[in-house]
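As structure tokens, the structure follows; a few thoughts come after it.
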Amino acid sequence: MPAMRCSYRVLLPPLLLAATLGLAGCDGPGLDAPSPRPTASESAISGEAMVRQADVASSTLPANGAGEAPDARIEERRHYQLQFDEADALLAAYRETQEACVASAHCRIEQGRLQTPRQGLASGYLALRVARDRVDTAEPVRLVAESPALSGVEITRHDRTQQFIDTEARLAQQKVLRERLKELAQQGRGFSERRIQDLLQVERELARVQGEIESMQGQQRHLARVTDSVAITANFQEQRWVEPHQHGVLAPLWRALDRSLSLFFESVGQVILVVVFLTPWLVIGLPALWLLSRLWRPVRRAFSRLGDKRRARRKAEDA
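If you want it as structure tokens, here you go:
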């Protein structure tokens, strides 16, 4: 029996160590195990996926988690960033999106800008307003969201429900006050001359209330416009590929050489422009100078002869 107890004590530590290692191995791969690299299909993010991710990130749910109320007033803005390798592709995408918005009855162009400089990168900007119930099926939005040049999406939503409700409540109160003031003004028509100041005071207050009502009606129309439609902005930008040598220790040297060469050729171009500008004047001016020189010789001789005669007369008079 003592020998068996001794053998158990000897075998117990190795058994505990093996069990510990086995449990540790069941938790998953070790820390040193390399993580699998994503495939090309997994790493590529399409425009639709970016839109969906931005939509999920920008959505705000109430505390009860039931989603937006049916009568909620939400102001939504969507911004798309598109980058193109060539100016021709940028122009084609810009014009296609613009024409699609013009052809759609539920889309309106609020701002448009297109720049295609001779030197530099082309760029474009479109600001659209699309009906909320047609934003998911609108052709301009589809062209921008599904474009292969899409590089970024930003969607923001602002809840304007409380502001809309407050405006309606204030508007209703001002309308009630206006009706009361109208009644007082109508009663004031029969006032005596001593109370004419009270009637004027009622008329001024009625004009002030009417102005506030019109202002709140304008705010109400603005809130209805921004909540019944979605603001779509698309920024079209031609990108310039960055060469590998532009990163590293020698990057400042390469940039300085690039700028020096650019400045040198720009100076040569300016000289060529000056020569081209002066060439027509030289063609006209050289014959004119030659003709003037030919005509000046007889005139100069005539003046010299007159001078000689004057000097001869003075000498004769002095003698």
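Residue numbers (mature numbering (1 follows the signal peptide of the UniProt record, and there is no 0)): -24 to -1, 1 to 295.
Backbone N, C-alpha and C define an ideal beta-carbon position, used for all residues, glycine too.
It should be emphasised that the depicted structure is a prediction, and the values quoted were computed from it without experimental measurement.
Out of L66, A183, V106 and R110, which one is the CA nearest neighbour of V202? V106
What is the residue span of the alpha helix (DSSP H) that D64 lies within? A63 to A79
Is F212 closer than 9 Å to A98 when the C-beta atoms are compared? yes
For L58 and L233, I'd like the C-alpha separation in whole angstroms. 31 Å
Might you give, ordered along the chain, the residues of its own chain that have their beta carbon closer than 7 Å to the beta carbon of R146, omitting 5 neighbours on each side? M192
Rounded to whole angstroms, what's the CA-CA distance from P116 to T137? Just pull it up for me. 28 Å
For S123, which option in R108, G96, A65 and D109 has the closest C-alpha, if you only look at C-alpha atoms? A65
Run the CB neighbour count on F279, radius 10 Å, all protein chains shown included, and call it buried at 16 or more, exposed below. exposed
What number of angstroms, rounded off, separates the C-alpha of H198 from the C-alpha of Q163? 36 Å
Since E242 is in the beta strand (DSSP E), which residue starts that stretch and which ends it? First-last for E242: A227 to D294, but that is the alpha helix (DSSP H), not the beta strand (DSSP E).
Helix or strand or just coil, what does DSSP make of R156? helix
Less than 8 Å between the CB atoms is what I'm expecting for residue 297 and V120, so what's the real figure, rounded? Outside the shown range of the chain, which is -24 to 295, sits residue 297, and nothing can be said about it.
On the three-state DSSP scale, how would you describe T92? coil
Quick check on M54: buried or exposed, where buried means 16 or more other Cβ atoms within 10 Å of its Cβ? Reading off the sequence shown, one finds Arg at residue 54, where the question assumed Met. Looking at its Cβ environment, which holds 16 or more other Cβ atoms inside 10 Å, R54 is buried.
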